[in-house]
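Take 1 as the starting number for the sequence shown in UniProt numbering and just add one per residue.
This report concerns only the one structure given below.
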Amino acid sequence: MALEFTDTNFQDKVLDSDKLTVVDFWAEWCGPCRAIGPVIEELSKEYDGKINVGKVNVDHNPQLSINYGVTSIPAILFIKDGKVVDKLVGAQPKSNFVKKIEQHIA
Numbered sequence: 001m002a003l004e005f006t007d008t009n010f011q012d013k014v015l016d017s018d019k020l021t022v023v024d025f026w027a028e029w030c031g032p033c034r035a036i037g038p039v040i041e042e043l044s045k046e047y048d049g050k051i052n053v054g055k056v057n058v059d060h061n062p063q064l065s066i067n068y069g070v071t072s073i074p075a076i077l078f079i080k081d082g083k084v085v086d087k088l089v090g091a092q093p094k095s096n097f098v099k100k101i102e103q104h105i106a
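Now the structure itself:
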């Protein structure tokens with residue numbers, strides 16, 4: 001299951017992690033966000049133990065959105081060694097996520 005990232009646990013769970021972390025910035029009222037929700041859950045199961053996968057609710061954690069310049073959601077950031085290494089914006093097919101993940105865990 002995808003983790004829930006917040007303003008308080010982001011440093012520990014994402015930035016300090018030694019694994020690639022896929023972070024989905026989303027909101028409950030966002031249709032495209034809900035559309036990719038199941039894809040995010042599938043990725044968290046398929047890559048369990050290899051990468052971290054989680055979600056940031058932008059309404060509950062506005063500081064993270066500001067820090068990462070998230071102006072459109074869904075915005076999916078790929079973070080490794082504390083740095084954003086890739087990004088996808090908008091609803092995307094699962095293959096796009098897999099391609100980005102594979103590029104950064106190789």
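Virtual Cβ for every residue (Gly too), placed ideally from N, Cα, C.
Beta-carbon spacing of residue 10, residue 43 below 8 Å: The sequence position of residue 10 within the sequence shown is 10, counting from 1. The sequence position of residue 43 within the sequence shown is 43, counting from 1. For residue 10 and residue 43, no; Cβs fall outside 8 Å.
Proximity to residue 2 [Cα-Cα], best of 54, 86, 91: Taking the first residue of the sequence shown as position 1, residue 2 is located at position 2. The shortest Cα separation from residue 2 among 54, 86, 91 belongs to 54.
Those residues which DSSP pairs with residue 84 across a bridge: Counting from one through the sequence shown, the residue named residue 84 turns up at place 84. Its beta-bridge partners are 79.
Three-state secondary structure assigned by DSSP to residue 54: By 1-based counting over the sequence shown, the position of residue 54 is 54. Strand.
Residue 48, DSSP secondary structure in three states: For the purposes of this step, residue 48 is taken as the residue at position 48 of the sequence shown. Reduced to three states, the DSSP call for residue 48 is strand.
Three-state class that DSSP yields for residue 107 in the structure shown: Outside the shown range of the chain (1 to 106) lies residue 107, about which nothing can therefore be said.
At least 3 beta-carbon pairs within less than 8 Å: the region 19-38 vs the region 72-80: Taking a contact to require three or more Cβ pairs closer than 8 Å, the region 19-38 and the region 72-80 qualify as touching.
8 Å CB neighbourhood of residue 13 in its chain, flanking five on each side removed: As a working mapping, residue 13 is identified with position 13 in the sequence shown. Answer for residue 13: 3, 5, 21, 52, 54, listed in chain order.
Test item: CB-CB of residue 39 and residue 94 under 8 Å: Start at 1 with the first residue of the sequence shown, and residue 39 comes out as number 39. Start at 1 with the first residue of the sequence shown, and residue 94 comes out as number 94. Yes, the pair counts as a contact, with Cβ atoms nearer than the cut-off.
Simplified DSSP state of residue 39, which is helix, strand or coil: Taking the sequence shown and counting its residues from 1, one reaches residue 39 at position 39. Residue state, collapsed to three classes: helix.
CB of residue 90 within 8 Å of CB of residue 32, strictly: In the sequence shown, the residue the question calls residue 90 occupies position 90. In the sequence shown, the residue the question calls residue 32 occupies position 32. Cβ atoms of residue 90 and residue 32: closer than 8 Å.
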